[in-house]
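For what it's worth, our numbering labels the leading residue of the sequence shown as 129, then goes sequentially.
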Amino acid sequence: MSHSRSRFAGAAGLLLALTLVLPSQPAVAAGWQSLFDGYTTRGWRTYGKPTFPTQGWTVQDKCLVHSAKGGGGDIISDASFQEFDLRWEWKVAEGANSGLKYFILEERGKAVGHEYQMIDDARHSDALTGPLHQTASFYDVLPPSAKATKPAGAWNSSRIVVRGNDVEHWLNGKRVLHYTLGSPEVMEGVQRSKFKNIEGFGKSASGHILLQDHGDEVWFRNLKIRDLRPR
Numbered sequence: 129m130s131h132s133r134s135r136f137a138g139a140a141g142l143l144l145a146l147t148l149v150l151p152s153q154p155a156v157a158a159g160w161q162s163l164f165d166g167y168t169t170r171g172w173r174t175y176g177k178p179t180f181p182t183q184g185w186t187v188q189d190k191c192l193v194h195s196a197k198g199g200g201g202d203i204i205s206d207a208s209f210q211e212f213d214l215r216w217e218w219k220v221a222e223g224a225n226s227g228l229k230y231f232i233l234e235e236r237g238k239a240v241g242h243e244y245q246m247i248d249d250a251r252h253s254d255a256l257t258g259p260l261h262q263t264a265s266f267y268d269v270l271p272p273s274a275k276a277t278k279p280a281g282a283w284n285s286s287r288i289v290v291r292g293n294d295v296e297h298w299l300n301g302k303r304v305l306h307y308t309l310g311s312p313e314v315m316e317g318v319q320r321s322k323f324k325n326i327e328g329f330g331k332s333a334s335g336h337i338l339l340q341d342h343g344d345e346v347w348f349r350n351l352k353i354r355d356l357r358p359r
């Protein structure tokens, strides 16, 4: 065998070995950033703290999981985002409640942000109070326009798009909510909500993404985000 062929064979063998040893990363198209690699908690930390919680949250089967009554608290992304296309998949246990929040500002002193509600609509008492507290709502402010939730235990696909002041909530391929930040509709909803005394709530902000610990079992996977700020 020639030296060139020998070098080629060696390089090919090394590449194959690395492929077998290194964990595969989620395929993310150009312009997209993976928020969870399926293996580690890199990129996340406890709200208000520099480290990831030591209880409650675990990585299982390429999913980020919060166990029922496991504690640990809410977790937030290291990075902040203002205009973005965020997509993820999730499921909750029967009777469970959770949420994904955006525009999280730690200087507020509370884990308050715009919440995309994720809940067992058929069983949890909060969801049974009405659409303002049901899946894909802008929690306590605006309801979804349609029901597209899959039953507890089944995987749902969700999406949030923020472009300028326009915000969209998607659920299982359907756009179920569209609102404009700072609009009369939003600010009137805020005034009727428990967030009425939070300064700047309902308006655009550059903030963290938050995964909620509501004391129940919830699974997240395939979290990815694309920056939509004008270039």
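Virtual Cβ for every residue (Gly too), placed ideally from N, Cα, C.
- Query: How many Å lie between residue 256 and residue 250 at the Cα?
  - Reply: For residue 256 and residue 250, the distance between alpha carbons rounds to 7 Å.
- Between the C-alpha atoms of residue 345 and residue 356, what's the straight-line distance to the nearest angstrom? Rounded to whole angstroms, residue 345 to residue 356 spans 32 Å at the Cα level.
- Is it right to say residue 294 is buried, meaning 16 or more other beta carbons lie within 10 angstroms of its own, or is it exposed? By the Cβ neighbour-count rule, residue 294 is exposed, with fewer than 16 other Cβ atoms within 10 Å of its own.
- Where does residue 167 land, buried or exposed, given buried means 16+ other C-beta within 10 angstroms? Flag for residue 167 reads exposed.
- Message: Once the 5 residues before and after residue 173 are set aside, which same chain residues still bring their CB inside 7 Å of it?
- Response: Hits under 7 Å: 179, 180, 203, 204 and 206.
- Query: Where in the region 289-331 do unbroken runs of the beta strand (DSSP E), each at least 3 residues long, occur, reported from the N-terminal end onward?
  - Reply: The region 289-331 contains these whole beta strand (DSSP E) runs: 294-299 and 302-308.
- Query: From residue 188 to residue 343, what does the alpha carbon distance come to, in whole angstroms?
  - Reply: Taking the Cα positions, residue 188 is about 18 Å away from residue 343.
- For the putative contact between residue 192 and residue 337, defined by C-beta atoms under 8 Å, what is the C-beta separation to the nearest angstrom? Contact check for residue 192 and residue 337: beta-carbon distance about 12 Å, past the 8 Å limit, so the pair fails to qualify.
- Query: Do you know how far the Cα of residue 349 is from the Cα of residue 283?
  - Reply: So the two alpha carbons sit approximately 10 Å from each other.
- Using only alpha-carbon positions, find the residue among 226, 353 and 240 that is nearest to residue 329. Measuring from the Cα of residue 329, the nearest candidate turns out to be 240.
- Task: Look at the alpha carbon of residue 260 and the alpha carbon of residue 274, and state the distance between them as a whole number of angstroms.
- Result: Near 12 Å, if we compare the C-alpha coordinates of residue 274 and residue 260.
- Given that a residue counts as buried once 16 or more other Cβ atoms are within 10 Å of its Cβ, and exposed if not, what is residue 313? Classification of residue 313: exposed, given that the 10 Å Cβ count is below 16.
- Query: Would you call the CB atoms of residue 227 and residue 175 closer than 8 Å?
  - Reply: Against a cut-off of 8 Å, the Cβ pair of residue 175 and residue 227 comes out as no contact.
- Message: For residue 225 and residue 252, I'd like the C-alpha separation in whole angstroms.
- Response: If I take the Cα positions, the gap works out to 7 Å.
- Message: Can you tell me which residues form a DSSP beta bridge with residue 173?
- Response: Bridge partners of residue 173: 204.
- Task: Pick out whichever of 340, 292, 233 and 303 has its Cα sitting closest to the Cα of residue 271.
- Result: Distances from the CA of residue 271 to each of 340, 292, 233 and 303 were compared; the closest alpha carbon is that of 303.
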